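Positions 8 to 668 (our numbering) are the ones given, in order, by the sequence shown.
Beta carbons: idealized from backbone N, C-alpha and C, even for Gly.
Since we're looking at a predicted model, the values are computed, not measured.
Structure, as structure tokens:
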Amino acid sequence: MIEDSVIDQDAVFRVGRVVSVDGRRVRVAVDKLKNGSHLQYRGGLVRNVAVSSYIKIVKGFVELIAKVDGEVVEEDRSATSAYRRGVDPLSRQLDVSLVGYIEDGRFERGVREMPLLDNECFILTEDEFGLIHTFVSGGDEPLEIGTLAMEPTQPIAVGINAIFASHVGIFGNTGSGKSYTLAKLYHELFKRYGAIQTFRQRSQFILIDFNGEYVNRDDGVDEYATEVIAGDDVKQVYDLSTHDDSGDRLPLPKAAVHDPVFWTVLLDATEKTQAPFISRVLKNDYWDALLPDSAALLDVIGDLVARATKSNDATLDRQLPINFLEEVEECLGDDVDHRGLTALIQEMRDRLQYFSRDNNFYWGPRGSVEEKWATADDWSDFIKGKVTAVQQDFSSVGDVDLVRFKLVLQYYRDVISGFTNREHLGPMMKRMVERVPSIKRLVRVSDDAFTAVPLTVVSLRNVNLAMRKVIPMIVCKHLYDDKKRTDPQGQRYLNLIIDEAHNILSAASSRESEAWRDYRLETFEEIVKEGRKFGVFLTIASQRPHDISETIVSQLHNYFLHRLVNNLDVHAIEKAVAYLDRVSFESLPILPTGTCVLAGVSAQVPVVVRVGQLPPEAVPNSRTMSVTSEWLSPLIVDSDDDELMDVTDLSDADSPSDAPF
């Protein structure tokens, strides 16, 4: 009875035979009675073979699995009868490519054997179809992400080890659903493991959010995006801002803030002159030893001012002494009382003069009793006395200001001593004046950074362009270097998630120097190539894979490919993802929103997946506005803002005669 059932099933499910083998490319001639879209089996309908479906090729006891890439109609030359209809000589043939085989009840990707001519081909049974789309290996845990787009009844789950112990790329045009897919992956992960104490202790996820999509909304209108990805028990958000002091400040350890690499990145220091200067200053303890003793430090500052005013070098800036003291005052910050130093600077502006004919400084109005020239023997003691008489405490200068303070002191010391050319270091010092106020609004010193909860979101939506490139670089490099140094065995897990990654991983950016671009790319390329050994993994999401370094894209293990329209982007994926078939490539420009091609080590075969729904509160804050609804809705205006008109009813609009046009 069982044998009869098997025979019946084989008779119905058989679709043809192999007629050509050319490497992985195989051609199958379809039986003439199997050309319909569906087959009947035991009162039900079975979907027949079509492009993108799978067939089974039986070679003895080996079952080979192939994917249908295309189909053609050719003349059947085996028909020899002189009396036949015109349609009889036509044979439907399938172009298929081998993708794997079934062994011991499991589907394995790869080619172990090649089929022979006349091997029979069959439609897959429901169980065999499920085997091909079962991607979770033994010992791994499943994470369901959605359903098969062409077969909604077939759920798609990936192994947690296969996804999260790998580098992941999520690519797609704006509005295609890539942010939703990223949120879905990590929402399911934290829903399962977020409450487990060991997971919280041994895992760290850092999400760089350029557009604020993963920051919770709190407008009270609905539940949309109120707990994006996870709740506050799992997620910590740092909403940074360079516009004012209202933003959060990112906690970084003191060692990171005083690291020469931090300032090299922050100031775009050149490799040959500026970076070595920063390293020399911050690795030397000369200024650190003077800081606790304000009198000794003032003595050094006074000596530098005296030497600058005593020099009769015509090329020396006559404003150098006052500029030096002004920058020293700025380095003290807002929390340090510097009224004494301010008074000294004002006195020098009023009294310190320069006689250009002799290239000499002098003190006081000409002809007055205060008049004193720099050529006098006691000039150095006189000027130093003015500086050392100031009551100024330097011990409470903040960490960021302290680094700037040391760089300023060493810069002017080198310039006054003639050890350096101002043209080499001057541009970097100007950048420091511009960027230190921004970095003070973005960073605070804390040795318990990123340890409170597993997921840390760093939002850069209110950060200026210069800092948007620098902050992700600083954070990722610090975390990666610290992980290598403190945990070389990889006992703790670190995942760097970068949304809109083309902002910092672009290989063709023209807004920065070539040396800085190379340094930035080399850092992330090292993470993607070597990070796995130290338990560091990278997840990137981007609209433009073509803009991202080819090295980074090619080193990813898993890909979630949403709609990509640009040919350059499709070509970049084609070069990087060797195991993606032609049909999947051709479907990329027409994928609907929320649907993606899953390919990589976590999936035995590339599949088109409809990503499962998220609860409204966990959805990223990136939905497209409905213009037809918004244009007809009243404008919500702050009651304290008198400059905006409160439009509440369109029916009261001006008549056509009052139109402004």
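Looking at the structure shown, is PHE269 part of a helix, part of a strand, or coil, going by DSSP? helix
Just the Cα atoms here: how many angstroms apart are TYR193 and GLU115? 27 Å
At 4 residues or longer, what runs of the alpha helix (DSSP H) sit wholly inside the segment 135-183? 167-171
Classify PRO258 as helix, strand or coil using the three-state DSSP reduction. strand
Leaving out five residues on either side along the sequence, give the residues of the same chain with a beta carbon under 6 Å from the beta carbon of SER248. GLY254, ASN469
So if DSSP puts GLY607 in a beta bridge, which residue, or which two residues, is it bridged to? ASN565
Is DSSP giving ARG54 helix, strand or coil here? strand
Count the other CB atoms, across all protein chains shown, that sit within 10 Å of the CB of ALA36; report buried if there are 16 or more and exposed otherwise. buried
Helix, strand or coil, according to DSSP, for LEU587 in the structure here? coil
Is the number of C-beta pairs between the segment 582-601 and the segment 529-545 that are closer than 8 Å three or more? no
So what does TRP380 bridge to, in DSSP terms? TYR369
Taking only three categories from DSSP, how would you classify ILE203? coil
Is it the case that the Cβ atoms of VAL244 and ASN223 are separated by a distance below 8 Å? yes
If you draw a straight line from the alpha carbon of PRO622 to that of GLY179, how long is it in whole angstroms? 22 Å
Simplified DSSP assignment, three categories, for ASN502: strand
Look up VAL26 in the DSSP assignment and say whether it is helix, strand or coil. strand
Under DSSP, the beta strand (DSSP E) around PHE129 begins and ends at which residues? 127-130
With distances taken between CB atoms, is the gap from VAL58 to VAL616 smaller than 8 Å? no
By the DSSP assignment, the alpha helix (DSSP H) with LYS290 in it spans what residues? 281-290
Starting from GLY433, trace the alpha helix (DSSP H) both ways and give me its first and last residue. 429-449
Specify the secondary structure class of ASN510 as computed by DSSP and reduced to three states. helix
Between the segment 119-137 and the segment 26-34, do at least 3 Cβ pairs fall closer than 8 Å? yes
Measure the C-alpha to C-alpha separation of ASP653 and GLU637 and round it to an integer number of angstroms. Here ASP653 scores only 46 on pLDDT, less than 50, and its place in the model is too uncertain to base an answer on.
Going straight from the alpha carbon of ASP310 to that of LEU304, what length do you get? 10 Å
For ARG99, report the span of its beta strand (DSSP E) as first-last. 97-110
Return the first residue and the last residue of the beta strand (DSSP E) that LYS540 is part of. From DSSP, LYS540 is part of no beta strand (DSSP E); its letter is neither H nor E.
If you follow the alpha helix (DSSP H) that LEU332 is in, where does it begin and where does it stop? 327-338
With DSSP collapsed to three states, give me the class of GLN353. helix
State the start and end residues of the unbroken beta strand (DSSP E) segment that holds ILE62. 61-66
What does DSSP give as the partner residue(s) for ILE72 in the beta ladder? LYS63, GLY107
Can the beta-carbon of LEU351 be found less than 8 Å from the beta-carbon of LEU332? yes
Output needed for ILE72: all residues of its chain with C-beta closer than 7 Å, excluding positions within five of it in sequence on either side, in chain order. TYR61, LYS63, VAL106, GLY107, TYR108, ILE109, PHE114, ILE139
Ignore the nearest five residues each way along the sequence and tell me which others in ASP454's own chain have a CB closer than 8 Å to its CB. PRO260, LYS261
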